[in-house]
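K.L.:
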Amino acid sequence: MPKNLLGFLLLLSIIPALITLFPLILIIEIILWVLAGLFFLLFLFILYVYFVFAKNDNKLQNLLWDIVLEKLSWKGNGKVIDIGTGAGAIAIKLAKRFPNSEVWGVDNWGKGWNYSKNLCEKNASIEGVSDNAIFQKASASNLPFKDNEFDAIVSNFVYHEVGDVKEKTDAIEESLRILKKDGKFALQDLFLHEKKFGKFKNLTSKFKEWGVREINSFNPLVEIKMNWILRLMFRNSLILYGKK
Ligand SMILES: C[S@@+](CC[C@H](N)C(=O)[O-])C[C@H]1O[C@@H](n2cnc3c(N)ncnc32)[C@H](O)[C@@H]1O
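Heads up: the sequence shown begins at 20 in the working numbering, then just goes up one per residue.
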């Protein structure tokens, strides 16, 4: 969960309610109560999502990570990278599954999240994979790797957040640049969100322009049972996977 978001939303719902304690004309008072109510509803929504993801043993989160890895369908020979690795969860899963592979996790570890390189390294050490999991600070917009360097790439809910690009799709192109011919990819994000990624048909055509020969999609909403709140949250999500 983005750091401080919950506190910020709670504050946004309390402040308008507090202002109504002062003498105001009725219409302003109504507007303030509506604002307070809307921010409080948003607070409750984010709080619920927080409990589903951060608490509850990360059940849904784990399931989604595992599905991304299943869709990657990689045999574990060579180098793999998790772009926007966060706390390193997917990279560590890969390192545990494929002890002979070289696993990289990169992230810009910006202010919005409580993640860091140190946290990833600590998590890797706890899971006993410090030897084959390497973490490096880098932006998904400009990866410090050569063209065609990796045998596989994964990424989970990162591209929609990348800020230092003209188009969000520029970051996807950058990821595919470092993937070898015949290399596998599995990328999960809000790919059905047209404002962020454009029309889905155009997006898949772009993948082809970037050298992808095989592309498939998996919709978590269709395959995983979710209540309406989570369905709302995942309505634009898709895993795109295939081969370059
Ligand atoms: C929703 S979190 C997902 C983290 C991780 N992939 C996971 O599944 O747990 C989004 C991640 O994207 C990272 N991120 C945002 N902008 C980035 C950028 N320009 N380059 C690399 N990572 C970025 C954030 O730091 C955060 O770790």
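Glycine residues also receive a C-beta, built at the ideal position from the N, C-alpha and C atoms.
A quick note: this is a predicted structure, and the numbers were derived from the prediction, not measured.
Are there any heavy atoms of ligand 1 lying less than 7 Å away from the beta-carbon of E48, as far as the coordinates show?
P.N.:
For the purposes of this step, residue 48 is taken as the residue at position 29 of the sequence shown. No; taking the cut-off as 7 Å, the Cβ of E48 has no heavy atom of ligand 1 nearer than that.
K.L.:
Contact between the segment 167–184 and the segment 192–206: three or more CB pairs below 8 Å?
P.N.:
yes
K.L.:
Count the other C-beta atoms from every protein chain shown that fall within 10 angstroms of the C-beta of P42, then say buried if there are 16 or more, exposed otherwise.
P.N.:
On the sequence shown, position 23 is the one that residue 42 refers to. Exposed is the call here.
K.L.:
Taking CB distances under 8 Å as the criterion, tell me whether L28 reaches chain B.
P.N.:
In the structure shown, chain B cannot be found, because there is only a single protein chain.
K.L.:
Cα separation between N75 and Y69?
P.N.:
Looking up residue 75 in the sequence shown gives position 56. Looking up residue 69 in the sequence shown gives position 50. Model confidence at N75 stands at a pLDDT of 49, short of 50, so the residue's coordinates are unreliable and nothing is read from them.
K.L.:
N294 by DSSP, collapsed to three states: which one?
P.N.:
Because the chain is modelled from 20 through 263, residue 294 falls outside the range shown and cannot be assessed.
K.L.:
Assuming G147 and S120 are in contact, meaning their beta carbons sit under 8 Å apart, how far apart are those beta carbons, in whole angstroms?
P.N.:
Against the sequence shown, residue 147 aligns to sequence position 128. Against the sequence shown, residue 120 aligns to sequence position 101. At roughly 15 Å, the Cβ-Cβ gap does not stay under 8 Å, so G147 and S120 are not in contact.
K.L.:
Taking only the alpha-carbon atoms, compute the straight-line gap between T39 and F58 and give it to the nearest angstrom.
P.N.:
The residue you call residue 39 lines up with position 20 of the sequence shown. The residue you call residue 58 lines up with position 39 of the sequence shown. When rounded, the distance between both Cα atoms is 15 Å.
K.L.:
Give the DSSP-derived three-state secondary structure of N75 in the structure shown.
P.N.:
In the sequence shown, residue 75 corresponds to position 56, counting from 1. Bear in mind that a pLDDT of 49 at N75, under 50, signals an unreliable position, so the number given afterwards is only what the model happens to contain. N75: helix per DSSP, three-state reduction.
K.L.:
Ligand 1 and E140: does any heavy atom of the ligand fall closer than 7 Å to the residue's C-beta?
P.N.:
If you number the sequence shown from 1, residue 140 lands on position 121. It does not: the Cβ of E140 is nowhere closer than 7 Å to a heavy atom of ligand 1.
K.L.:
Only counting the same chain, and skipping five residues up and downstream in sequence, which positions put a Cβ closer than 7 Å to that of N221?
P.N.:
As a position in the sequence shown, residue 221 is number 202, starting the count at 1. Nothing meets the Cβ criterion.
K.L.:
State buried or exposed for K263, treating a residue as buried only when at least 16 other CB atoms are found within 10 Å of its CB.
P.N.:
As a first step, residue 263 must be located in the sequence shown, where it is residue number 244. Looking at its Cβ environment, which holds 16 or more other Cβ atoms inside 10 Å, K263 is buried.
K.L.:
Please tell me whether N238 and Y260 are closer than 8 Å, where the distance is taken between their beta carbons.
P.N.:
Taking the sequence shown and counting its residues from 1, the one referred to as residue 238 is at position 219. Taking the sequence shown and counting its residues from 1, the one referred to as residue 260 is at position 241. Not closer than 8 Å, so no.
K.L.:
Measuring only from the beta carbon, is N221 closer than 7 Å to any heavy atom that is part of ligand 1?
P.N.:
Counted from its first residue, the sequence shown places residue 221 at position 202. N221 Cβ: outside cutoff for every heavy atom of ligand 1.
K.L.:
Under 6 Å Cβ to Cβ from Y229, same chain only, skipping five residues before and after it: list those, please.
P.N.:
For the purposes of this step, residue 229 is identified with residue 210 of the sequence shown, where counting begins at 1. In the sequence as presented, Tyr is not what sits at residue 229; that position holds Trp. Excluding sequence neighbours, W229 sits near E192, L195.
K.L.:
Report yes if the CB atom of V125 is closer than 8 Å to the CB atom of I258, and no otherwise.
P.N.:
As a first step, residue 125 must be located in the sequence shown, where it is residue number 106. As a first step, residue 258 must be located in the sequence shown, where it is residue number 239. Taking 8 Å as the Cβ cut-off, V125 and I258 do not qualify as a contacting pair.
K.L.:
In whole angstroms, what separates the C-alpha of F210 from that of T223?
P.N.:
Sequence index remark: in the sequence shown, residue 210 carries index 191 (1-based). Sequence index remark: in the sequence shown, residue 223 carries index 204 (1-based). If you take the alpha carbons of F210 and T223, they lie about 10 Å apart.
K.L.:
Can you name the start and end residues of the alpha helix (DSSP H) that V241 belongs to?
P.N.:
If you number the sequence shown from 1, residue 241 lands on position 222. Segment 239–242, the alpha helix (DSSP H) holding V241.
K.L.:
Just curious, the beta strand (DSSP E) that N175 is in, first and last residue?
P.N.:
Your numbering for residue 175 matches position 156 in the sequence shown. Counting along the chain, the beta strand (DSSP E) containing N175 begins and ends at 169–175.
K.L.:
Residues in the same chain with beta-carbon distance under 6 Å from L206, minus the five sequence neighbours each way, listed in chain order, please.
P.N.:
Your numbering for residue 206 matches position 187 in the sequence shown. Only S174, L259 meet the Cβ criterion.
K.L.:
Ligand 1 and F237: does the residue's C-beta get closer than 7 Å to at least one heavy atom of that ligand?
P.N.:
Stepping through the sequence shown from its first residue, residue 237 is reached at position 218. F237 Cβ: outside cutoff for every heavy atom of ligand 1.
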